[in-house]
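See below for the structure under consideration.
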Amino acid sequence: DAGVIQSPRHEVTEMGQEVTLRCKPISGHDYLFWYRQTMMRGLELLIYFNNNVPIDDSGMPEDRFSAKMPNASFSTLKIQPSEPRDSAVYFCASSGTISGNTIYFGEGSWLTVV
Amino acid sequence: AQSVTQPDIHITVSEGASLELRCNYSYGATPYLFWYVQSPGQGLQLLLKYFSGDTLVQGIKGFEAEFKRSQSSFNLRKPSVHWSDAAEYYCAVAYMGRRALTFGSGTRLQVQP
Chain A
284 DAGVIQSPRH
294 EVTEMGQEVT
304 LRCKPISGHD
314 YLFWYRQTMM
324 RGLELLIYFN
334 NNVPIDDSGM
344 PEDRFSAKMP
354 NASFSTLKIQ
364 PSEPRDSAVY
374 FCASSGTISG
384 NTIYFGEGSW
394 LTVV
Chain B
521 AQSVTQPDIH
531 ITVSEGASLE
541 LRCNYSYGAT
551 PYLFWYVQSP
561 GQGLQLLLKY
571 FSGDTLVQGI
581 KGFEAEFKRS
591 QSSFNLRKPS
601 VHWSDAAEYY
611 CAVAYMGRRA
621 LTFGSGTRLQ
631 VQP
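Spelled out as C-alpha cells, the structure:
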C-alpha cells in the first residue's frame, strides 16, 4: 500500500520566493496533518484537517503560511514569501479509522531558504 | 495544555544491553500514547501505540512500552539493543477529541559496539 506521499523531497529556494509543498494522504484517511521539524523547536503541529476542513491552524507561524485541502487526496502548504528561518523539514501525516486512528507520516520535504 | 516530556536528550548503550527511554505526559484525560522512531534523513515510523486495555504493549523491532497512569509515564523498553536501533525516538500523545499528536523533544540513542 502507498503511504503518505510528499513532494518535493528537497527544495532550495531564495528568500522571497514562493514555496509550495504537496501531500497525498493515505487513501481512506479523513485526517491530514502538517508538521514542521527544526533543531530548535522539534516537531511542531502547524495545522490539521478533518474531512478537508481545517480544524486547528493555531500552529501556523504567520500569514506567510497557508494550507489548503481541496479534496480528500491532496493538500498543499504554501509559504509566501519565504524566509531563511523557514528552513526546516515539513512532514505531512494522515490518519483514519480504517487504520485504527494511527497517524502515518510521509518522508518529509526538506526546505532550505537561502 | 497537553505536553510530553522526554527527560533524556541523549542516551548511549552498548550493543546487547537493555534499553529504557523515558516519557511523561501531562493532561487529565485518558491519553492515546505513541512511540515513533526517526533515522537520519527519514520520516517517522510508528513503533507502538496505546489506546486502552492492557497497559503493556508490544511493538515492532522487539520494542515494548508500559503505560502507568499513576506515574503519567509511557516508557519504551527493549531487552537487547542492536546497532541498527541507533536513531531518534519520539514519544507523542493525543486525546479523544483532538487527533493531532503533541511530541516530546526526542531522545537520541547511540549504540556502542
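Quick note, the sequences are listed as chains A and B, same order.
Numbering of the first sequence is given in my numbering, commencing with residue 284 and proceeding in unit increments.
Numbering of the second sequence is given in my numbering, commencing with residue 521 and proceeding in unit increments.
Glycine included, C-beta positions come from ideal geometry on N, C-alpha and C.
As the structure is a computational prediction, the values presented were derived from the model and not from experiment.
Closest by C-alpha distance to residue 620 (chain B), when choosing among B:629, B:562, B:574 and B:553: Nearest C-alpha to residue 620 (chain B) among B:629, B:562, B:574 and B:553: B:553.
Bridge partners of residue 328 (chain A), per DSSP? In the DSSP assignment, the residues bridged to residue 328 (chain A) are A:318.
When the Cα of residue 376 (chain A) is compared with those of A:323, A:365, A:346 and A:328, which residue comes out closest? Nearest option by C-alpha distance: A:328.
Output, in chain order, the set of chain A residues within a Cβ distance shorter than 7 Å of residue 620 (chain B). By Cβ distance, chain A contributes 316, 328, 331 and 339.
So, for residue 297 (chain A): in the same chain, excluding its five sequence neighbours on each side, which residues have a beta-carbon less than 7 Å away from its beta-carbon? Cβ within range, chain order: 397.
Kindly list the residues whose CB is nearer than 7 Å to the CB of residue 330 (chain A), restricted to its own chain and excluding five residues on each side of it in sequence; keep chain order. These residues qualify, in order along the chain: 317, 337, 339, 340, 342, 343 and 350.
Through-space distance from residue 367 (chain A) to residue 300 (chain A), alpha-carbon basis: Distance between residue 300 (chain A) and residue 367 (chain A), taken at the CA atoms: about 11 Å.
Since residue 607 (chain B) is in the beta strand (DSSP E), which residue starts that stretch and which ends it? Annotation for residue 607 (chain B): the continuous beta strand (DSSP E) segment containing it runs 607 to 615.
Are the C-beta of residue 392 (chain A) and some C-beta of chain B separated by less than 8 Å? It does not; no Cβ of chain B falls within 8 Å.
Residue 568 (chain B) and residue 578 (chain B) closer than 8 Å at C-beta: For residue 568 (chain B) and residue 578 (chain B), yes; Cβs fall inside 8 Å.
Given a cut-off of 8 Å on the beta-carbon distance, is the pair residue 378 (chain A) and residue 293 (chain A) in contact? No. Outside cutoff.
Residue 350 (chain A) bridges to which residues according to DSSP? Bridge partners of residue 350 (chain A) according to DSSP: A:360.
Less than 8 Å between the CB atoms is what I'm expecting for residue 590 (chain B) and residue 543 (chain B), so what's the real figure, rounded? The C-beta distance from residue 590 (chain B) to residue 543 (chain B) rounds to 15 Å, too long to fall under 8 Å, and the pair is not in contact.
Within the stretch 530 to 602 of chain B, ranges of the beta strand (DSSP E) (whole runs, at least 3 residues): Listed in chain order, they are 530 to 534, 539 to 541, 544 to 546, 551 to 558, 564 to 570, 576 to 578, 584 to 588 and 593 to 598.
Start-to-end residues for the beta strand (DSSP E) that takes in residue 339 (chain A): Note, residue 339 (chain A): beta strand (DSSP E), 336 to 339.
Anyone know if the C-beta pair for residue 530 (chain B) and residue 597 (chain B) falls short of 8 Å? Not in contact: residue 530 (chain B) and residue 597 (chain B) (Cβ atoms no closer than 8 Å).
Closest Cβ-Cβ distance between residue 388 (chain A) and chain B: below 8 Å? So yes, residue 388 (chain A) belongs to the interface.
Grouping DSSP H, G and I as helix and E and B as strand, with all else coil, what is residue 381 (chain A)? Three-state result, residue 381 (chain A): helix.
Does DSSP put residue 392 (chain A) in a helix, a strand or coil? Here residue 392 (chain A) sits in strand by DSSP.
If we cut at 8 Å on Cβ distances, does residue 569 (chain B) have a partner in chain A? Yes, contact with chain A.
Residue 604 (chain B): which of B:522, B:559 and B:541 sits nearest, CA to CA? Minimum Cα distance to residue 604 (chain B) is reached at B:559.
Taking beta-carbon pairs under 9 Å, can you tell me which members of the stretch 596 to 627 of chain B lie near chain A? Here the close residues are 610, 612, 614, 618, 619, 620, 621, 622, 623, 624, 625 and 626.
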